[in-house]
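Colleague: Residue numbers (this note's numbering): 5 to 327.
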Amino acid sequence: MKFKHTFLVFVDNFKTTYKVLLYRIIIAALCLCIYTAIIFPFMQRISNTAPMLEMSAASKYFGSALANLDFVAMHDAWLQITQSLNGLMELLSSQIGEIVGGIIVIVIVYLVQRFLLGLGNYTAGAMLNDKMAMRADSPFIGTLIKNLGSASLYNAIYVPLSTLFDIIVIGLTGAAVYGLFVAGTPLLLLIFLFSVIVVLLFSIKMTFTSDWLPALVYGKMNNRAAMKYSFGYSGKKFADVFSNYLILVLIILALNTAAVFLTFGAGLLITIPASYLILICMEFVNYCENNDVKYFLDKNNVIKPEKETVLTREQFFKGQDEL
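1) Assess, as a yes-or-no matter, whether the segment 173-193 is touched by the segment 250-269 under the definition of 3 or more beta carbon pairs within less than 8 Å.
2) Please report the straight-line C-alpha distance between GLY175 and ILE307, rounded to a whole angstrom.
3) Could you tell me whether the Cβ atoms of ALA69 and ALA61 are closer together than 8 Å?
4) Could you spell out the range, first to last residue, of the alpha helix (DSSP H) harbouring TYR299?
5) Taking the C-alpha atoms as reference points, what is the distance between VAL173 and ASN304?
6) Classify ASP16 as buried or exposed, calling it buried when 16 or more other Cβ atoms lie within 10 Å of its own Cβ.
7) Near ASP134, which residues of its chain fall below 6 Å by C-beta distance, leaving aside the five closest residues on each side in sequence?
8) Where do the N-terminal and C-terminal ends of the alpha helix (DSSP H) with ASN227 fall, by residue?
9) Going by other Cβ atoms of all chains shown within 10 Å of its Cβ, with 16 needed for buried, is ARG118 buried or exposed?
10) For the segment 268-279 against the segment 229-238, are there 3 or more C-beta pairs whose distance is under 8 Å?
11) Assign PRO218 to one of two classes, buried (16 or more other C-beta atoms within 10 Å of its C-beta) or exposed (fewer than that).
12) Kindly confirm or deny that the segment 122-129 and the segment 88-107 touch, where touching means at least three C-beta pairs closer than 8 Å.
13) So, at 7 Å on beta carbons, what are the nonlocal neighbours of GLN324 in its own chain, with the 5 sequence-adjacent residues on each side left out?
14) Provide the residue span of the alpha helix (DSSP H) that contains ASN305, from first to last.
15) Reducing DSSP to helix, strand and coil, say where GLN99 ends up.
16) Using a Cβ-Cβ cutoff of less than 8 Å, which residues in the same chain neighbour ILE251 once the five nearest sequence positions on both sides are dropped?
17) What's the C-alpha gap between PHE18 and GLY178?
18) With respect to the alpha helix (DSSP H) encompassing ASP215, which residues constitute its N-terminal and C-terminal limits?
19) Specify, as a first and last residue, the run of the alpha helix (DSSP H) that PRO277 falls within.
20) Assign HIS9 to one of three DSSP states: helix, strand, or coil.
21) Do you know how far the Cα of PHE288 is from the Cα of LYS64?
22) Quick one: give me the first and last residue of the alpha helix (DSSP H) that ALA140 is part of.
23) I need the boundaries of the alpha helix (DSSP H) containing TYR158, first residue and last residue.
24) Can we say the segment 102-116 touches the segment 28-42, given the rule of at least three CB pairs closer than 8 Å?
25) Alpha carbon to alpha carbon, how far is THR127 from THR147? Give it in angstroms, no decimals.
26) Taking the alpha carbon of PHE206 as the reference point, which residue from LEU254, HIS79, ILE29 and ASP244 has its own alpha carbon closest?
27) List, from N- to C-terminal side, the alpha helix (DSSP H) runs of 4 residues or more that fit wholly inside the segment 21-108.
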């Protein structure tokens, strides 16, 4: 039922997708300008070198083979890419100082970008909470300003932890897959294994962080209490939430992949912000149903648990405590 209710809440709040989209486009455009200013001059200097030309040709060959689902050609192209990497590494090793400096700046900009995007997700969560609790259509900018302090504190904690987890998962999984490739494992099987492992681990991550945002926004907890509550899943409760997130992640992956191939990437303008919104919907639906909280699916349907938990007046108007 949680999955069905999540979809209904998402449909009822779909117009929020466009507000999140506009916000994300603005942040992406600003950060893209900074990335370009850092990367473009360096890439321009090495673009005409022999190792780079070989890498470019091999990458185009791989892309063409992938588009045609020619797995034999994909394997050959991947071998060419790995061979051209040796020459490219020798070239880059002579410019290690400049590269390290650029990477540090890029990482800082990336963290700031994720922080700003996280403010948008927090705002969408607060808007969603208002709609589910009171049928209130809160403005995006007003909600962002109103919750700027609490949203900043939340993202100052969440973004570094989430980024570290992402790096560890992708790094270790990528290394393991590369080791299997060197051992002669077929490329198609490697892609499958990489996808399965990443989906499973990210579903686990979202399971343990699912209640953090709702506990802050609806539960009026401070970050320490919200984190403790969110990471307290175990047994059947964990299995229930994990199964919902696993299905949702697979659907999101399928929709975004379809948007790439069927709309030449144009559909990502809708599917990416919609993906974040439906995940936030799942968080709030899961929190409400686990805590016996009444909420609106839409203007005509209300979920009323048998034993409803209602905040007192003091709890409802209490501001969020800082960590």
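Heads up, the beta-carbon is just placed ideally off N, CA and C, and yes, glycines get one too. As the structure is a prediction and not an experimental result, all values here were calculated from the model.
Modeller: According to the data block:
1) By the Cβ criterion, the segment 250-269 is not in contact with the segment 173-193, since fewer than three pairs of Cβ atoms, one from each stretch, lie closer than 8 Å.
2) If you take the alpha carbons of GLY175 and ILE307, they lie about 42 Å apart.
3) Not a contact, by the Cβ cut-off of 8 Å.
4) Boundaries around TYR299 are those of the beta strand (DSSP E), 299-302, since no alpha helix (DSSP H) includes it.
5) Going from the Cα of VAL173 to the Cα of ASN304 covers about 43 Å.
6) Buried is the call here.
7) Around ASP134: ALA140 and SER142.
8) Unbroken alpha helix (DSSP H) run through ASN227: 227-234.
9) The residue is buried, with at least 16 neighbouring Cβ atoms inside 10 Å.
10) Too few Cβ pairs lie closer than 8 Å, so no.
11) Buried.
12) Result no; under three Cβ-Cβ pairs closer than 8 Å.
13) Residue placement at GLN324 is flagged as unreliable, the pLDDT there being 42, under the threshold of 50; the coordinate-derived value follows with that caveat. So the list reads SER154, LEU220, LYS224 and ASN226, once near-sequence residues are dropped.
14) Not the alpha helix (DSSP H): ASN305 falls in the beta strand (DSSP E), residues 305-307.
15) Three-state result, GLN99: coil.
16) For ILE251, where only same-chain residues beyond five positions count, the Cβ hits under 8 Å are PHE7.
17) Those two C-alpha atoms are separated by around 35 Å.
18) In the DSSP assignment, ASP215 falls outside any alpha helix (DSSP H) and carries neither an H nor an E.
19) That run of the alpha helix (DSSP H) goes 272-294.
20) In the structure shown, HIS9 adopts helical secondary structure according to DSSP, grouped into three states.
21) About 43 Å.
22) Taken as a continuous stretch (DSSP letters only), ALA140 belongs to no alpha helix (DSSP H), as it is neither H nor E.
23) Segment 152-186, the alpha helix (DSSP H) holding TYR158.
24) Yes: at least three Cβ pairs fall under 8 Å.
25) Counting only the Cα atoms, THR127 lies some 6 Å from THR147.
26) The option with the nearest alpha carbon to PHE206 is LEU254.
27) Here the runs fully enclosed are 54-71 and 75-97.
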